[in-house]
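If you read the sequence shown in my numbering, its first letter stands for residue 53, the second for the next number, and so on.
We put the CB at the ideal spot given by N, CA and C, even for glycine.
All values reported here derive from a predicted model rather than from experimental measurement.
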Amino acid sequence: MKKFITVGLGILSLTCAPTYQAHATTLADALILAYQTNPNLKAARSGLRATDEVVRQAKGDLHPTVSGALSSGGVANRNTYVNSPSNTAAVVTNIPIYAGGKKLNTIDKARYNVLTARENLRLSEQDILLQTVTAYMDVRLNSRKVQLSQNSLRVLREEVRAARERFEVGEVTRTDVSQAESRFASAQSNLQIAKAAYSRSQTIYTAIVGSAPKDLRTPPKTPKLPASAAAAESIAVAKHPSIIAAQFVIKAAQKDVEIAKGSKLPTVSAFVQGKFARGDIGDKSAKTLTYGLDVEQIIYAGGKLNSVQRQRLAALDQAKSNLQLAAVNTRQRVNAAFATWHASKSTISARQKQVRAARIAFEGTTEEAKLGARTTLDALNAEQELLSARTDLVTSIRDEYVNAYTVLSAMGLLTVEHLGLGISSYDPDVNYAKVTGRQSIKIKRLNILDKLQKRRGN
53 MKKFITVGLG ILSLTCAPTY QAHATTLADA LILAYQTNPN LKAARSGLRA
103 TDEVVRQAKG DLHPTVSGAL SSGGVANRNT YVNSPSNTAA VVTNIPIYAG
153 GKKLNTIDKA RYNVLTAREN LRLSEQDILL QTVTAYMDVR LNSRKVQLSQ
203 NSLRVLREEV RAARERFEVG EVTRTDVSQA ESRFASAQSN LQIAKAAYSR
253 SQTIYTAIVG SAPKDLRTPP KTPKLPASAA AAESIAVAKH PSIIAAQFVI
303 KAAQKDVEIA KGSKLPTVSA FVQGKFARGD IGDKSAKTLT YGLDVEQIIY
353 AGGKLNSVQR QRLAALDQAK SNLQLAAVNT RQRVNAAFAT WHASKSTISA
403 RQKQVRAARI AFEGTTEEAK LGARTTLDAL NAEQELLSAR TDLVTSIRDE
453 YVNAYTVLSA MGLLTVEHLG LGISSYDPDV NYAKVTGRQS IKIKRLNILD
503 KLQKRRGN
């Protein structure tokens, strides 16, 4: 299946330095800048690193805790002051032995939460990359619309001049001149609207990519997509971060249930306390060593523990339902995106034919108007139809490109690696290894969704 979806944006020689280029001029440049500098992605990565720390904290609960205390003081009464200083030092060590599996399950839960956060980060990365593609194409589209509006204004200015000259020699009426002037004024207004849209798209682009757009080049061909919506859907169910994240949420919820069960079991810990005291009466010192086992068992809690367990089981059922919902939503998004892309792809050829026909009609109508065979209004309408056809064409080209990347995002494949951008992607294992001492989290293949679908008979 992979041979259908290989994308080659990385044909350029790209570096992975954070400040790749002051201004992105290609789509690959823009994607790299957004991936490396977008504040939303930076925040998401920081959030993931914070989640890594929870694993370290949970593992810390398995280790002994050592604490020390120092005290110094004297004795005084109401009538006299007695300087009898006393200095005490103590060291206490608590060693956990058994906790009903709560601590081990808490570690596992923290690991699954890390994996969930990683998938959510992947989701954020794909969202930003899609926003980048959209912003890039919107800037190019609105820039082209400004050019078309400026060209239309030049044509209409000439129409007004010609109408006035023909009016002076009696070839047309004042109405014809007014029609040309009205259309010219409308074109002036449309140009300002186009410029405003262009300015807005530049602002959005800058916010996403991190630098202002400048001389954006024609993007490469759209990524190659599967031949059918069904094939795209199959990939999405296996690859999309939202589905994978939902399965990790279930695994974490299962550990929550085990933690609740463990709360009903006894806890066992050992303690050792060493104490040294000096300066008491007679200036004597004393050393003591205390040790023992602590065993705790909740006998009655007013039904709280059973309630917590039922709550965790309900949360587990909710997580399973959310997984099925994520799968349904992913399938819907893929099919909708694929249909929209396919429709927009088919539209381009029709728009190209429309432009050719409108141009021929405009040229013919203009010449016929000069000979008196067509009215000024006919020429103005032909010009408007040509402008509309050209605008529709550039819009269709933009839509087809963005829709192709939308399909890729819906499949869960809008990633730095899949796009071949030639840079190193963010590696969450680096911080995880630094925090926990383990290089990576090893997990078995997730097949929770398959099991749930079999139970439903899907």
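Using 10 angstroms around the beta-carbon of residue i, count the other beta-carbons present and answer buried if the total reaches 16, otherwise exposed.
i       : result
Leu-85  : buried
Asn-495 : First, the residue type needs correcting, since residue 495 is Ile and not Asn in the sequence shown. Classification of Ile-495: exposed, given that the 10 Å Cβ count is below 16.
Asp-228 : buried
Ser-251 : exposed
Leu-501 : buried
Tyr-484 : buried
Leu-438 : buried
Gly-464 : buried
His-470 : buried
Tyr-352 : exposed
Pro-91  : exposed
Leu-277 : buried
Ser-230 : exposed
Thr-340 : exposed
Gln-178 : buried
Val-118 : exposed
Leu-368 : buried
Ala-512 : No answer is possible for residue 512: the residues shown for the chain start at 53 and end at 510.
Pro-116 : exposed
Ser-253 : buried
Lys-486 : exposed
Among the options, which has the Cα closest to the Cα of residue i?
i       : options                            : result
Gly-344 : Thr-392, Leu-498, Glu-177, Ser-321 : Ser-321
Lys-154 : Val-212, Trp-393, Arg-450, Lys-307 : Lys-307
Thr-443 : Tyr-457, Asn-194, Lys-339          : Asn-194
Pro-275 : Leu-79, Ser-204, Asp-479, Val-487  : Leu-79
Phe-323 : Lys-316, Asp-346, Glu-415          : Asp-346
Ala-402 : Ala-391, Arg-213, Ala-441          : Ala-441
Val-191 : Lys-94, Leu-429, Thr-258, Leu-167  : Thr-258
Ser-31  : Phe-414, Thr-447, His-394, Leu-93  : One cannot answer for residue 31 here, as it falls past the ends of the chain, which runs 53 to 510.
Val-212 : Arg-196, Ala-239, Met-189          : Ala-239
Gln-363 : Lys-313, Ala-264, Ser-337, Ser-234 : Lys-313
Val-482 : Thr-255, Pro-148, Arg-170, Thr-447 : Arg-170
Leu-473 : Tyr-150, Val-386, Lys-486, Pro-272 : Pro-272
Glu-223 : Gln-404, Glu-285, Gln-244, Arg-426 : Arg-426
Ser-138 : Gly-355, Ile-147, Gly-125, Pro-293 : Gly-125
Gly-152 : Leu-114, Gly-262, Pro-480          : Leu-114
Val-221 : Lys-486, Gly-262, Gly-424          : Gly-424
Tyr-87  : Arg-408, Ile-149, Ser-241, Ser-263 : Ser-263
Gly-112 : Tyr-478, Arg-408, Ile-147, Gln-202 : Ile-147
Arg-196 : Ser-123, Arg-226, Thr-270          : Thr-270
One question on the structure: do residue i and residue j come within less than 9 Å of each other, judged by their Cβ atoms?
i       : j       : result
Asn-165 : Thr-103 : yes
Val-110 : Ile-159 : It should be pointed out that residue 110 corresponds to Ala in this sequence rather than to Val. The answer is yes: Cβ separation under 9 Å.
Ala-187 : Ala-82  : yes
Thr-467 : Ala-389 : no
Ala-298 : Leu-375 : yes
Leu-100 : Leu-173 : yes
Val-107 : Thr-488 : yes
Thr-140 : Arg-330 : yes
Phe-236 : Leu-208 : yes
Lys-266 : Val-198 : no
Glu-310 : Ser-396 : no
Thr-168 : Val-301 : yes
Ala-456 : Leu-268 : no
Ala-288 : Thr-392 : no
Arg-385 : Met-189 : no
Gln-404 : Leu-460 : no
Pro-318 : Glu-348 : yes
Ala-421 : Ala-410 : no
Ala-290 : Ala-371 : no
Ser-204 : Leu-243 : yes
Ala-378 : Ser-492 : no
For residue i and chain B, any beta-carbon pair shorter than 9 Å?
i       : result
Ala-248 : Absent from the structure: chain B. Only one protein chain is present.
So residue i packs on residue j, CB below 8 Å; how close in whole Å?
i       : j       : result
Leu-357 : Ser-315 : 6 Å
Gln-183 : Ile-260 : 5 Å
Thr-399 : Ser-448 : 5 Å
Lys-327 : Ala-162 : Wrong, their Cβ atoms sit about 36 Å apart, outside the cutoff.
Thr-428 : Ala-232 : 6 Å
Could you pull out every unbroken alpha helix (DSSP H) segment of at least 4 residues lying fully inside the region 420–499, listed in chain order? Runs of the alpha helix (DSSP H) lying entirely within the region 420–499 and spanning at least 4 residues, in chain order: 428–462, 468–471, 480–488.
Quick one: which unbroken beta strand (DSSP E) runs of 3-plus residues sit fully inside the region 285–366? Chain order, please. 319–330, 337–348
Which residue spans inside the region 214–279 form an unbroken alpha helix (DSSP H) run of at least 4? Whole alpha helix (DSSP H) segments, 4+ residues: 226–261.
Whole runs of the alpha helix (DSSP H) within the region 77–164, excluding any shorter than 4 residues: 79–89, 91–112
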